[in-house]
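Protein chains: 2
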Amino acid sequence: MADNERADLGAMVMRLGRRLVAMEQPILERHGVTMWAYVVLTALRDGPARAQASLAAAINADKTRLIPVLDDLQKRGLIEREPDPADRRVRLLGLTPEGRRLQQAVQAEIRAAEEVMLSKIKDQAAFVRALGELSA
Amino acid sequence: MADNERADLGAMVMRLGRRLVAMEQPILERHGVTMWAYVVLTALRDGPARAQASLAAAINADKTRLIPVLDDLQKRGLIEREPDPADRRVRLLGLTPEGRRLQQAVQAEIRAAEEVMLSKIKDQAAFVRALGELSA
DNA sequence: GCTTATCATCTACATGCGCTTACGATTCCG
DNA sequence: CGGAATCGTAAGCGCATGTAGATGATAAGC
Chain G
1 MADNERADLG
11 AMVMRLGRRL
21 VAMEQPILER
31 HGVTMWAYVV
41 LTALRDGPAR
51 AQASLAAAIN
61 ADKTRLIPVL
71 DDLQKRGLIE
81 REPDPADRRV
91 RLLGLTPEGR
101 RLQQAVQAEI
111 RAAEEVMLSK
121 IKDQAAFVRA
131 LGELSA
Chain U
1 MADNERADLG
11 AMVMRLGRRL
21 VAMEQPILER
31 HGVTMWAYVV
41 LTALRDGPAR
51 AQASLAAAIN
61 ADKTRLIPVL
71 DDLQKRGLIE
81 REPDPADRRV
91 RLLGLTPEGR
101 RLQQAVQAEI
111 RAAEEVMLSK
121 IKDQAAFVRA
131 LGELSA
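Listed in order, the protein sequences are those of chains G and U.
The first sequence begins at 1 in the working numbering and counts up one residue at a time.
The second sequence begins at 1 in the working numbering and counts up one residue at a time.
Below is the structure:
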């Protein structure tokens with residue numbers, strides 16, 4: 001297929017996205033976390049505790065939709081939620097050791113599955129780097 | 001960032017997907033077509049006329065959701081819909097010259113915007129090829 | 001000190017979509 | 001020939017999500 005005959009990037013990216021979701025879903029279920037929960041744990045993995053509003057913006061989530069996800073993670077001891085002493089309107093979120101462990105376990109399995117998928121192509125590192133640049 | 005510190009493929013692909021949709025939306029609006037309409041026109045661009053059920057499967061759409069999209073495209077003279085003489089249960093869909101023209105005009109603009117986006121990376125052809133292989 | 005704004009939370013509405021069921025017309029199969 | 005299946009279409013249910021508005025607590029600004 002000539003270059004001008006390839007599919008739209010959008011079409012290819014959407015198909016790949018669906019495939020990745022299908023790949024991740026069993027891993028997430030095995031660990032008992034939803035996709036949103038995993039996204040939250042991953043976002044909280046690095047850096048210091050952060051506010052709910054800041055987290056919602058970072059992961060492109062509606063803040064009102066985040067409330068029950070955070071409630072559940074907190075209840076399961078995976079995150080902690082504390083008022084910011086500097087501004088008691090704000091709740092600061094951080095991972096507990098258990099939350100960090102779970103996030104790392106899930107991510108390790110996702111990585112392994114990604115490696116299998118990526119093994120279909122050559123120059124995997126270049127592809128991933130380019131994907132990172134385009135999605136930054 | 002080391003390899004084991006990169007974001008999940010899923011996260012990067014979802015972000016790229018949102019970016020591509022945001023890029024395409026104004027182009028589609030300018031031409032007065034919805035995303036689904038454009039997907040249909042593109043799917044019908046090549047090959048002979050095809051059945052509605054076959055089209056729905058090809059573009060990953062619910063066949064009952066496709067009815068109004070096809071109704072509108074037909075009404076606007078962009079596709080034609082005719083009973084298959086070999087099996088009158090089936091309606092065969094094809095592009096009209098006008099539909100083909102519109103699809104090509106939209107796709108040309110999308111391609112141009114994609115080129116701008118891709119210009120951020122090196123080895124663009126390799127990236128697109130790899131993306132094609134992973135999403136096939 | 002009072003007004004405005006922000007944070008988190010709750011509730012509700014609207015939209016899109018996956019899925020299911022049902023129907024009439026038509027075809028297939030035993 | 002009759003029953004089962006398919007196609008396209010219509011209608012509806014349920015879920016997910018974006019969005020808006022309201023609330024109490026708290027903070028900022030004049």
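Quick reminder that beta carbons are idealized off the backbone N, C-alpha and C, glycines included.
As the structure is a prediction and not an experimental result, all values here were calculated from the model.
{"Item": "Residues that DSSP places opposite U/I79 in a beta bridge", "Value": "U/L95"}
{"Item": "C-alpha distance - G/P136 paired with G/A130, whole-angstrom precision", "Value": "It is worth fixing the name first, because residue 136 of chain G is Ala in this sequence and not Pro. Cα to Cα, G/A136 sits roughly 10 Å from G/A130."}
{"Item": "Residues of the region 32-58 of chain U with Cβ closer than 8 Å to any Cβ of chain G, in chain order", "Value": "V39, T42"}
{"Item": "C-alpha distance - G/D3 paired with G/Q25, whole-angstrom precision", "Value": "Low confidence applies here, because G/D3 scores a pLDDT of 47, under 50, leaving its location unreliable; read the following figure in that light. About 33 Å."}
{"Item": "Chain G within 8 Å of U/E80, Cβ atoms only", "Value": "no"}
{"Item": "Start-to-end residues for the alpha helix (DSSP H) that takes in G/P26", "Value": "9-31"}
{"Item": "CB contact check: G/S135 to chain U, cutoff 8 Å", "Value": "yes"}
{"Item": "Distance cut-off 7 Å: U/A57 Cβ against heavy atoms of the ligand ZN", "Value": "This structure does not include the ligand ZN; it has no bound ligands of any sort."}
{"Item": "Given U/A86 as reference, the closest of U/R6, U/A51, U/V39 once Cα atoms are compared", "Value": "U/A51"}
{"Item": "Inter-residue spacing [alpha-carbon to alpha-carbon] between U/R6 and U/L73", "Value": "43 Å"}
{"Item": "Neighbour list for U/I67 in chain G, Cβ cutoff strictly below 8 Å", "Value": "Per Cβ cutoff of 8 Å: no residues; U/I67 is ~22 Å from chain G at best."}
{"Item": "Interface residues of chain G facing U/I27 [CB-CB closer than 9 Å]", "Value": "By Cβ distance, chain G contributes nothing, its closest Cβ being about 11 Å from U/I27, past 9 Å."}
{"Item": "Spatial neighbours of G/M1 in its chain, beta-carbon cut-off 8 Å, leaving aside the 5 residues before and after", "Value": "In this prediction, G/M1 scores a pLDDT of 43, lower than 50, which makes its location untrustworthy; no coordinate-derived value is stated."}
{"Item": "U/Q103 beta carbon less than 8 Å from that of U/T42", "Value": "yes"}
{"Item": "Proximity winner among U/T96, U/F127, U/R65, relative to U/G77 (alpha-carbon distances)", "Value": "U/T96"}
{"Item": "Contacts of G/L76 in chain U (Cβ-Cβ under 8 Å)", "Value": "Checking the sequence, you will find Arg at residue 76 of chain G rather than Leu. Going along chain U, no residue has its Cβ under 8 Å from G/R76, so there is no contact; the nearest lies around 21 Å."}
{"Item": "Contacting residues, own chain, Cβ-Cβ under 7 Å from U/I110 (five flanking each side not counted)", "Value": "E24, I27"}
{"Item": "Environment of U/V13 [buried if 16+ CB atoms lie within 10 Å]", "Value": "buried"}
{"Item": "Chain U residues whose Cβ lies nearer than 8 Å to that of G/V13", "Value": "V13, L16, G17, L20, L131, S135"}
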